Amino acid sequence: MPENTIRPARSEDRDAVFAFCQQTWEWGDYIERIWDEWLDDPQGQLFVATSHEQPVGIMHLHMVSENDAWAQGLRVDPNYRRQGFARALHETVTIEAMRRGASYLRLTIETDNLPSINLVERLHMRPIGSYRLYTAPPLPVQKALPQQRPQLATIEELDEIIEYLNTSSIFPLVGGVYYAKWRAQPITAEWLEERIQAQQVYMLRRWEQIDGLAIAEMRQENGEQTLSVGYIDGTAIEAISFIAYDLRRRLHEMELDRIRIYAPDMVLVQDAFDGAEYEAASPVYNTYERGLF
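Note that this note's numbering has the sequence shown beginning at 965, numbered continuously upward.
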């Protein structure tokens, strides 16, 4: 058997993997919480790098759609770094994405993680946007609501929403993607139609035009019921602030504990969230993309 291999993960790899993931960050790592889900992922594959049959690295691939693959969770035992395991895992994940029919592979990296950034750029991935998480609790219940409130979009407004996104200054700067569960997928006309039908598109209309919108879904995260906003857009700070405030107000109606927003890393957006009393809850991340065909 070769000294170094990349293979699908097995249940018995758990303890060895957890051991080298204990100090990924000061607080530890999320791998223990997500291991079973990744191991049994029907839409993906968890890979393990081994040295002399000992697990020394991992990386997970998940198909977010028929054409789009997401890579995540790259970890290499500190004692085995700079030995080519990270590159080998990336290449294996890329081949698996192609085998599954993906046209694009994407992933996200903290902006200060220079070794990982250098690696993915050498592997022909390009940055398509950046974001950071913002969170906030519900706003106190108010008897009088503002006249200008975002409303749930209807299917009759789909073409108008597409036209708005096509002329948006924010949409291309985030790569035209929606985030949920730390993964991104492209916002397409078909996908938008599904989200509108699921009542997940909130649209602010002023002066008879779309002035901003947000796409959100309810999720259970970290033991809390949250409203996860994967895309937010507005023509100006005021529009984004209106939407941010209104979504906080809706948390009471929806019986949710918190709102989490994957927000574009732009001064305009940051100022809007500061004004709406949101808290930045993560570092800035860059999202990278590679076309596979």
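Note that the Cβ used here is the ideal one computed from N, Cα and C, for glycine as well.
Given the structure is predicted, the values throughout are model-derived calculations rather than measurements.
Three-state secondary structure (DSSP) of residue i
i: T1118; result: coil
i: A987; result: Checking the displayed sequence, the identity of residue 987 turns out to be Gln instead of Ala. Three-state result, Q987: coil.
i: N1077; result: coil
i: M1230; result: coil
i: G1239; result: helix
i: E1253; result: strand
i: L1211; result: helix
i: P1104; result: coil
i: L1177; result: strand
i: M1089; result: coil
i: I1225; result: strand
i: D1004; result: coil
i: D979; result: helix
i: D1123; result: helix
i: L1069; result: strand
i: Y1142; result: strand
i: R1051; result: helix
i: E1217; result: helix
i: V1012; result: strand
Residue i vs residue j beta-carbon contact at 8 Å
i: Y1226; j: Y1095; result: yes
i: A1061; j: L1038; result: no
i: L1122; j: I1174; result: no
i: M1027; j: R1063; result: no
i: Y1252; j: I1073; result: yes
i: L1071; j: Q1036; result: yes
i: V1248; j: I1204; result: no
i: P1228; j: G1140; result: no
i: L1156; j: I1201; result: no
Spatial neighbours of residue i in its chain, beta-carbon cut-off 6 Å, leaving aside the 5 residues before and after
i: R1254; result: L1069, H1088 and M1089
i: L1177; result: M1167 and D1197
i: Y1242; result: Y1098 and A1100
i: F982; result: E996
For residue i, the first and last residue of its enclosing beta strand (DSSP E)
i: W1034; result: D1032 to V1040
i: T969; result: N968 to P972
i: R1064; result: Per DSSP, R1064 belongs to no beta strand (DSSP E) and is neither H nor E.
i: A1148; result: R1147 to P1150
i: H1026; result: Q1018 to M1027
i: A1200; result: Premise fails: A1200 is in no beta strand (DSSP E) and is neither H nor E.
i: V1165; result: V1165 to R1170
Chain-order list of residues whose beta-carbon lies under 7 Å from that of residue i (same chain, five-residue window excluded)
i: D951; result: Any answer about residue 951 is impossible in this case: the structure gives the chain only from 965 up to 1257.
i: R1113; result: D1210
i: Y1142; result: A1148, Q1149, I1151, I1179, G1194 and Y1195
i: A918; result: What the structure shows of the chain is the stretch from 965 to 1257, and residue 918 is not part of that stretch, so it cannot be assessed.
Cutoff 8 Å; reference residue i; Cβ partners in own chain excluding five residues on either side
i: M1230; result: I1134 and L1137
i: A1108; result: Because A1108 carries a pLDDT of 49, less than 50, the predicted location of this residue cannot be relied on, and no value is offered for it.
i: I1207; result: P1114, Y1166, L1168, G1176, L1177, A1178, I1196 and G1198
Residue range of the alpha helix (DSSP H) that includes residue i
i: R1113; result: First-last for R1113: undefined, no H or E at that position.
i: E1154; result: A1153 to Q1161
Any C-beta of chain D under 8 Å from that of residue i
i: L1097; result: Among the chains in the structure shown there is no chain D, since it carries only a single protein chain.
- Message: Taking 8 Å as the cut-off, does the stretch 1097 to 1105 touch the stretch 1132 to 1141 (at least 3 CB pairs, one atom from each stretch)?
- Response: no
- Item | Cβ contact check for the stretch 1010 to 1019 and the stretch 971 to 982: 3 or more pairs under 8 Å | yes
- Pairing CB atoms from the stretch 1051 to 1059 with CB atoms from the stretch 997 to 1005, are three or more of them under 8 Å? no
- Query: Are the stretch 1181 to 1196 and the stretch 1214 to 1222 in contact at 8 Å, needing three or more beta carbon pairs?
  - Reply: yes
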